[in-house]
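Residue numbers (the working numbering): 1 to 363.
Positions of the beta carbon are idealized from the N, C-alpha and C atoms, including for glycine.
The structure appears below as structure tokens.
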Amino acid sequence: MKRSLIDITEFSVEEIDQLLKTACDISENPKKYSEVCRGKKLATLFFEPSTRTRLSFEAAMLELGGNVIGFSDAGTSSASKGESIADTAKMISCYADIMAMRHPKEGAPYVASLNASIPVINAGDGGHCHPTQTLADLLTIYRELGRLENLTVGFCGDLKYGRTVHSLLSALARYKNIKIVLIAPEELKLPKYVKYEVLDKYNMEYVETTSLEEAMPQLDVLYMTRIQRERFDSYDEYERLKDSYILTAEKLETAKQEMRILHPLPRVNEISVKVDEDPRAAYFRQALNGKLMRMALIMKLLKEAEEGVPAHEVTDVVTEEFVCDNPRCITSTEQEIVHSFKCVNRENGIYRCVYCEAKKVKN
Ligand code: NCD
């Protein structure tokens, strides 16, 4: 098992700072990096739709002088014949030096990392995590505002299923004096596990509101998100909530001049195209930053693989004690998987599935 990136918290703040520095240097001196990955192969395994993430991974590897193999449609891979993630990961390890995986089931890239002999990068697992988008987001805030501390950050839209929100909050929790404003309709509020285990754990100051207008004047960063249609069980519910928030030029009138608008993209209807002309709109620059950070990340993980840096270890794990019953978890489909739970609160006997964060309480 090689060191992978499954959840952003596996990287220390110092490591993230180093990646930011490398990304800035790549931006200034791209030629210096154009041969670094000569002879290396990246496999992109996308079991779910993607434009930016997959293409930015591929562009990143090509700009480092490496090569890319992979698929972008699960229907053309052996998954459609019933192949397990574990087998796919073992097999890809024979063909590539590093892999990036996106999958609709929570925990799928983690399962891949447990079975691969090359580094695995989580490129989005269901509504769970999206650590490389977080790297892009952090670089964007850093380049646009010059700091990752002393910020009021508003998250707006689908905070329930928006995996980019969950990952960015976990990362920001470790920077100083970050205030969070959670702007969402009642039905799409931030999941409780993120509140308890990120916001409360790190004593982050946060408020919840349904009003974007009210929140606007205090924000340094406004992180807009798409309502995640593909994660809804009911189409009617999606239809009812899809236009909950639409950012317009008028609504920006009360915002700070230095505020920056981020969005992981794709945008559907939540930011009017008129806003694109506003210098505060940073979302297309954010997409470029995604490529730079993925270049820095690929270099880091390949170097660590060569040096034999061990994989991140999940500690305090029990097996066979609980069974995960979350239908969105990879345990619901992967054959012969060991259900494992990590203890997150010994006093109250609280355990979480290591793949998806579903909670169990020991009586
Ligand atoms: C995001 C994702 O896939 O979670 N997109 C991306 O990777 N840039 C956001 C989204 O799909 O809404």
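Legend entry - Proximity below 9 Å, CB of L140 to CB of V181: Looking at the sequence provided, one finds Thr at residue 140 rather than Leu. Not in contact: T140 and V181 (Cβ atoms no closer than 9 Å).
Inset, instruction - Assign P310 to one of three DSSP states: helix, strand, or coil. - result: Here P310 sits in strand by DSSP.
Legend entry - Exposure label - A249; buried when at least 16 CB within 10 Å: When all chains shown are included, A249 counts as exposed.
Inset, instruction - State the DSSP-derived secondary structure class of Y142, mapped to helix, strand or coil. - result: Three-state result, Y142: helix.
Legend entry - L114 versus N326 - alpha carbon distance: If I take the Cα positions, the gap works out to 20 Å.
Inset, instruction - For chain B, find out if any of its Cβ atoms is closer than 9 Å to the Cβ of T53; answer yes or no. - result: Among the chains of the structure shown, chain B does not appear; only one protein chain is present.
Inset, instruction - Run the CB neighbour count on S170, radius 10 Å, all protein chains shown included, and call it buried at 16 or more, exposed below. - result: The Cβ neighbour count for S170, taken over all protein chains shown within 10 Å, is at least 16; the residue is labelled buried.
Legend entry - Within 9 Å, strictly: CB atoms of P131 and E10: One thing to note: P131 has its Cβ within 9 Å of the Cβ of E10.
Inset, instruction - Would you check if the distance between the CB atom of F155 and the CB atom of A136 is smaller than 9 Å? - result: Their beta carbons are not under 9 Å apart, which means F155 does not touch A136 by this criterion.
Legend entry - R260 CB to nearest heavy atom of ligand 1 below 8 Å: Look at R260: its beta carbon is at least 8 Å from all of the heavy atoms in ligand 1.
Inset, instruction - Could you work out which residue in M216, L188, R143, G107 is closest to T152 when comparing CA atoms only? - result: T152 has its Cα closest to that of M216, out of M216, L188, R143, G107.
Inset, instruction - Consider the C-beta atom of H368 and the heavy atoms of ligand 1; say whether any pair is separated by less than 8 Å. - result: Because the chain spans 1 through 363 in this model, residue 368 falls outside it and cannot be assessed.
Inset, instruction - Assign A287 to one of three DSSP states: helix, strand, or coil. - result: In the three-state reduction of the DSSP assignment, A287 falls in the helix class.
Legend entry - Start and end residues, beta strand (DSSP E) containing Y351: Per DSSP, the unbroken beta strand (DSSP E) holding Y351 starts and ends at 350-353.
Inset, instruction - Examine ligand 3 and report whether any of its heavy atoms sits within less than 8 Å of the Cβ of T152. - result: Looking at this structure, you won't find ligand 3 anywhere; what it does contain is ligand 1.
Inset, instruction - For the beta strand (DSSP E) holding N122, just list the boundary residues, first then last. - result: Per DSSP, N122 belongs to the beta strand (DSSP E) from 120-125.
Inset, instruction - Flag T164 as yes when its Cβ comes closer than 8 Å to any non-hydrogen atom of ligand 1, and as no otherwise. - result: At least one heavy atom of ligand 1 is nearer than 8 Å to the Cβ of T164, so yes.
Legend entry - Candidates K251, P264, G124: closest to S211 by CA position: The shortest C-alpha separation from S211 is found at K251.
Inset, instruction - To the nearest angstrom, report how far apart K342 and V318 are at their CA atoms. - result: Rounded to the nearest angstrom, the two C-alpha atoms are 6 Å apart.
Legend entry - Residue range of the unbroken beta strand (DSSP E) whose run includes N67: Residues 67-71.
Inset, instruction - Can you give me the start and stop residues for the alpha helix (DSSP H) that Y223 sits inside? - result: In the DSSP assignment, Y223 falls outside any alpha helix (DSSP H) and lies within the beta strand (DSSP E) extending over 221-224.
Legend entry - Where C94 sits in the DSSP three-state scheme: DSSP places C94 in coil when its eight states are reduced to three.
Inset, instruction - Write down every uninterrupted run of the beta strand (DSSP E) in the region 1-58 whose length is 3 residues or greater and which is fully enclosed by it, in chain order. - result: With a minimum length of 3 residues, the continuous beta strand (DSSP E) runs that stay inside the region 1-58 are 41-46.
Legend entry - Coarse secondary structure for S80, derived from DSSP in three states: If DSSP states are grouped into helix, strand and coil, S80 belongs with the helices.
Inset, instruction - List the endpoints of the continuous beta strand (DSSP E) containing V344. - result: It spans 340-345 - the beta strand (DSSP E) in which V344 sits, taken as one unbroken run.
Legend entry - Integer Cβ distance of L64 from C37, believed to fall under 8 Å: Contact between L64 and C37 holds: CB atoms are separated by about 4 Å, below the 8 Å threshold.
Legend entry - Check: S170 C-beta below 8 Å from any heavy atom of ligand 1: It does not: the Cβ of S170 is nowhere closer than 8 Å to a heavy atom of ligand 1.
Legend entry - Start and end residues, alpha helix (DSSP H) containing E364: The structure shown does not extend to residue 364, since the chain is modelled only from 1 to 363, so the question has no answer here.
Legend entry - Check whether A364 and K2 have beta carbons under 9 Å apart: Here the chain covers residues 1 to 363 and nothing more, so residue 364 does not appear.
Inset, instruction - Would you mind working out which of C324, K303, E149, A108 sits nearest D220, comparing C-alpha positions? - result: Proximity to D220 across C324, K303, E149, A108 peaks at E149, based on C-alpha coordinates.
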